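Novice:
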Amino acid sequence: MKAGLIQLSSSDDPVANLAVTRDLIAQAAAQGAGFVLTPEVTNCVSQDRAHQEHVLQTEGEDITLAGLRETAQDLGIWLSIGSLGIKTQDADGRFANRSFLIDPSGQIVARYDKIHMFDVDVSATETFRESAGYRPGERAVVATTSFAKIGLTICYDLRFAYLHRALAQAGADILIVPAAFSPVTGAAHWEPLLRARAIETGCYVLAAAQTGTHPIKHGKPRQTHGHSMVISPWGEVLVNMGSETGTAVVDLDLAEVAKSRQRIPALTHDRPFEGP
60 MKAGLIQLSS SDDPVANLAV TRDLIAQAAA QGAGFVLTPE VTNCVSQDRA
110 HQEHVLQTEG EDITLAGLRE TAQDLGIWLS IGSLGIKTQD ADGRFANRSF
160 LIDPSGQIVA RYDKIHMFDV DVSATETFRE SAGYRPGERA VVATTSFAKI
210 GLTICYDLRF AYLHRALAQA GADILIVPAA FSPVTGAAHW EPLLRARAIE
260 TGCYVLAAAQ TGTHPIKHGK PRQTHGHSMV ISPWGEVLVN MGSETGTAVV
310 DLDLAEVAKS RQRIPALTHD RPFEGP
């Protein structure tokens, strides 16, 4: 299986973002990718709650979801929509940060709502309160495809090793980590965390990311780290896309998953222990 990563610098305009995303997906498919992955918040990068309320839609109405389902069907590919900001029926009006796995007929095979919310003070000038606008998910998801079992995560989930271990122990061969990582934390932690999750689980880790200075018209500006990556089950960096938008295609050999787990069968070595 050839996998294609899409690296975006999405704006706060879902209509414009959809056109760019569909073009890059087509480019990856033209290079032979049968499984294509987009980053977190593919449809809209924005921290302006009023603007999000204006442009985000419910799952049934979302133009990005409908358009990319059509793209997957037209191209006959598996498609991971890293995540979309989706309106919910929650009484407090919070959105869902939701990932979708689409099959080659355009059907939704799996959904995953981001569990861990990015509520941090990175620096004196960079503060995030994801839980103010998004409600956390409550269920881990492993999806079965024609070529592998896939564990779904999103961005900040990367820091929680137990989630990825649980996904691998539930059968995942591939872990996906779509992201919009901060430039500060990305420079320090992005690659080592991705490699650690691959090494700990013996999974391929596929991480499509947002990058650069985003063309945002409403609210404060946003920058993201980029460096979309593919990590082998042995922890090797197979792809690093740097900071430019575009596509990258890589061959995945699922036999490497079994091989790495045979060499280091850590997923079978859990032992109970008393608390500290």
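The sequence shown begins at 60 in this note's numbering and counts up by one. Positions of the beta carbon are idealized from the N, C-alpha and C atoms, including for glycine. Since the model is a prediction, treat every value here as computed from it, not as a measurement.
1) Measuring straight from C-alpha to C-alpha, what distance separates Leu-211 and Ala-266?
2) Note down, one range per segment and in chain order, each beta strand (DSSP E) of at least 3 residues found wholly within the region 229-278.
3) In three-state DSSP terms, what is His-286?
4) Please classify Gly-192: does DSSP put it in a helix, a strand, or coil?
5) Based on Cα-Cα distance, which residue from Leu-134, Pro-195, Gly-152 lies nearest to Arg-81?
6) Rounded to the nearest angstrom, what separates Ile-65 and Phe-240 at their Cα positions?
7) Quick check: the Cα distance between Leu-326 and Ala-89, rounded to an integer number of angstroms?
8) From Gln-132, Ser-69, Tyr-263, Thr-204, pick the residue whose C-alpha is nearest to that of Gln-106; which is it?
9) Bridge partners for Arg-170 per DSSP, in chain order?
10) Can you grab the Cα-Cα spacing for the pair Pro-331 / Val-308, in whole Å?
11) Quick check on DSSP: helix, strand or coil for Thr-327?
12) When the Cα atoms are used, what is the spatial distance from Thr-123 to Arg-322?
13) Note the first and the last residue of the continuous beta strand (DSSP E) segment covering Ile-140.
14) What would DSSP say about Leu-297, mapped onto helix, strand or coil?
15) Would His-277 and Gly-245 qualify as a contact pair, given that the criterion is a beta-carbon distance under 8 Å?
16) I need the boundaries of the beta strand (DSSP E) containing Leu-83, first residue and last residue.
17) In three-state terms, what does DSSP make of Asp-180?
18) Excluding the 5 residues flanking Gln-111 on each side, which residues of the same chain have their C-beta closer than 8 Å to its C-beta?
19) Quick one: grab the DSSP three-state call for Asp-216.
20) Taking the continuous alpha helix (DSSP H) assigned at Asp-133, which residues delimit it?
21) Residues bridged to Thr-186 by DSSP?
22) Taking only three categories from DSSP, how would you classify Val-100?
Specialist: If we stick to the structure as given:
1) In a straight line, the C-alpha of Leu-211 is about 11 Å away from that of Ala-266.
2) Positions of the beta strand (DSSP E) runs, each at least 3 residues long and wholly inside the region 229-278, are given as 233-235, 263-266, 270-272 in order along the chain.
3) Residue state, collapsed to three classes: coil.
4) In this structure, Gly-192 counts as helix in the three-state DSSP scheme.
5) When each option's Cα is compared against that of Arg-81, the closest is Leu-134.
6) C-alpha of Ile-65 to C-alpha of Phe-240: approximately 15 Å in a straight line.
7) If I take the Cα positions, the gap works out to 37 Å.
8) Ranking the options by Cα distance to Gln-106, first place goes to Ser-69.
9) Under DSSP, Arg-170 forms a beta bridge with Phe-159.
10) Rounded to whole angstroms, Pro-331 to Val-308 spans 41 Å at the Cα level.
11) DSSP places Thr-327 in helix when its eight states are reduced to three.
12) CA-to-CA, the gap between Thr-123 and Arg-322 works out to about 42 Å.
13) That run of the beta strand (DSSP E) goes 137-146.
14) The three-state secondary structure of Leu-297, taken from DSSP, is strand.
15) No.
16) Leu-83 -> not in any beta strand (DSSP E); alpha helix (DSSP H) instead, spanning 73-89.
17) In the displayed model, Asp-180 falls within a strand according to three-state DSSP.
18) Same-chain partners within the cutoff: Cys-103, Ser-105, Gly-144, Phe-154, Gly-192.
19) Asp-216: helix per DSSP, three-state reduction.
20) Per DSSP, the continuous alpha helix (DSSP H) segment holding Asp-133 begins and ends at 122-134.
21) Answer is Asp-180, bridged to Thr-186.
22) In the structure shown, Val-100 sits in coil (DSSP, three-state: anything other than H, G, I, E or B).
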